[in-house]
Amino acid sequence: GQGAQRLRAAGITVEAGLLQAQATALNAGFLRRIAGGLPWLRMKTASSLDGRTAMASGESQWITGAAARADVQCWRARSSAIITGIGSVLADDSRLSVRLPDTERQPLRVVLDSNLRLSPQARMLKEPGETLVLTRADSLSAGGQRVQLLQRAGAEVQAVATGAHGRLCPRAVLRELARRYCNEVLLEAGATLNAAFLQAGVVDEWLLYQALT
Numbered sequence: 021g022q023g024a025q026r027l028r029a030a031g032i033t034v035e036a037g038l039l040q041a042q043a044t045a046l047n048a049g050f051l052r053r054i055a056g057g058l059p060w061l062r063m064k065t066a067s068s069l070d071g072r073t074a075m076a077s078g079e080s081q082w083i084t085g086a087a088a089r090a091d092v093q094c095w096r097a098r099s100s101a102i103i104t105g106i107g108s109v110l111a112d113d114s115r116l117s118v119r120l121p122d123t124e125r126q127p128l129r130v131v132l133d134s135n136l137r138l139s140p141q142a143r144m145l146k147e148p149g150e151t152l153v154l155t156r157a158d159s160l161s162a163g164g165q166r167v168q169l170l171q172r173a174g175a176e177v178q179a180v181a182t183g184a185h186g187r188l189c190p191r192a193v194l195r196e197l198a199r200r201y202c203n204e205v206l207l208e209a210g211a212t213l214n215a216a217f218l219q220a221g222v223v224d225e226w227l228l229y230q231a232l233t
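See below:
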């Protein structure tokens, strides 16, 4: 409205834009969602000194140390949701939970699973908090008992739009999370999914943990 103008007309000094950079950094996710319709996406990767994210066989092991893993826990705690791919879940049976002392809120766990391969016995489904499985519309409609088993295990299963090669569209995934009022989202996935989000131009921040030896 005209509030600032009326105050100035009454002889009251009005300052605008104070601490704008700090306020923007503090509310990056909210501003991104309101202005662009997508949450602020951080992509987390870890690599060896030569830039590898896994061994030549494809097997993934811890590359960085305890300090890096503790830092990731802080980023998880800050996030509204954590995205991962079904390949990572099948390989690691990851929990994707915040394991900091006095944790009161768990981020939404989001598994991109085009063919509904997530096991109802997956460890993440036994963790506190909610798990959202995003899949293709045809997989959801044909899922039948598989969908019911995941739902009974505590997961929500929903279809989102697909893009190239029938893979889930990164923008559609993020739009769904924005619809759920997720402001800051952490992407913890393998090279293929990371590349898909990078190519879609939706990564706002890249957290890179690199081993020194």
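If you're matching positions, the sequence shown starts at 21 in the working numbering and goes up one per residue.
Note that the Cβ used here is the ideal one computed from N, Cα and C, for glycine as well.
Quick caveat: nothing in here was measured; it's all calculated off a predicted structure.
- Between residue 170 and residue 154, the C-beta gap is not smaller than 8 Å, which leaves the two residues out of contact.
- Apart from the 5 residues on each side of it in sequence, residue 62 sits with its Cβ closer than 6 Å to the Cβ of 206, 225, 227 in its chain, given in chain order.
- Looking at the backbone, the Cα of residue 104 and that of residue 30 are separated by about 55 Å.
- In this structure, residue 130 sits near residue 152, with a CB-CB distance shorter than 8 Å.
- Taking C-beta atoms as the reference points, residue 156 and residue 179 count as a pair closer than 8 Å.
- Only residues of its own chain outside the window of five on either side were considered, and among them 131, 132, 133, 137, 138 have a CB closer than 7 Å to the CB of residue 106, listed in chain order.
- Looking at 121, 100, 86, the one whose alpha-carbon comes closest to that of residue 149 is 100.
- Using a Cβ distance threshold of 8 Å, residue 142 and residue 112 do not count as a contacting pair.
- In the assembly as shown, residue 222 is a buried residue. Its beta-carbon has 16 or more other beta-carbons within 10 Å.
- Judged by DSSP in its simplified three-state form, residue 176 adopts strand.
- If you look at residue 22, you'll find it isn't in any alpha helix (DSSP H); DSSP assigns it neither H nor E.
- A residue is called buried when at least 16 other Cβ atoms come within 10 angstroms of its Cβ; residue 34 does not meet this threshold and is exposed.
- Per DSSP, residue 188 lies in no alpha helix (DSSP H) and is assigned neither H nor E.
- Using a Cβ distance threshold of 8 Å, residue 202 and residue 128 count as a contacting pair.
- Nearest C-alpha to residue 208 among 66, 184, 48: 66.
- Residue 146 sits exposed, since fewer than 16 C-beta atoms from the chains shown fall within 10 Å of its C-beta.
- Residue 53 and residue 198 do touch by the CB rule: their CB atoms are close to 5 Å apart, below 8 Å.
- The three-state secondary structure of residue 126, taken from DSSP, is coil.
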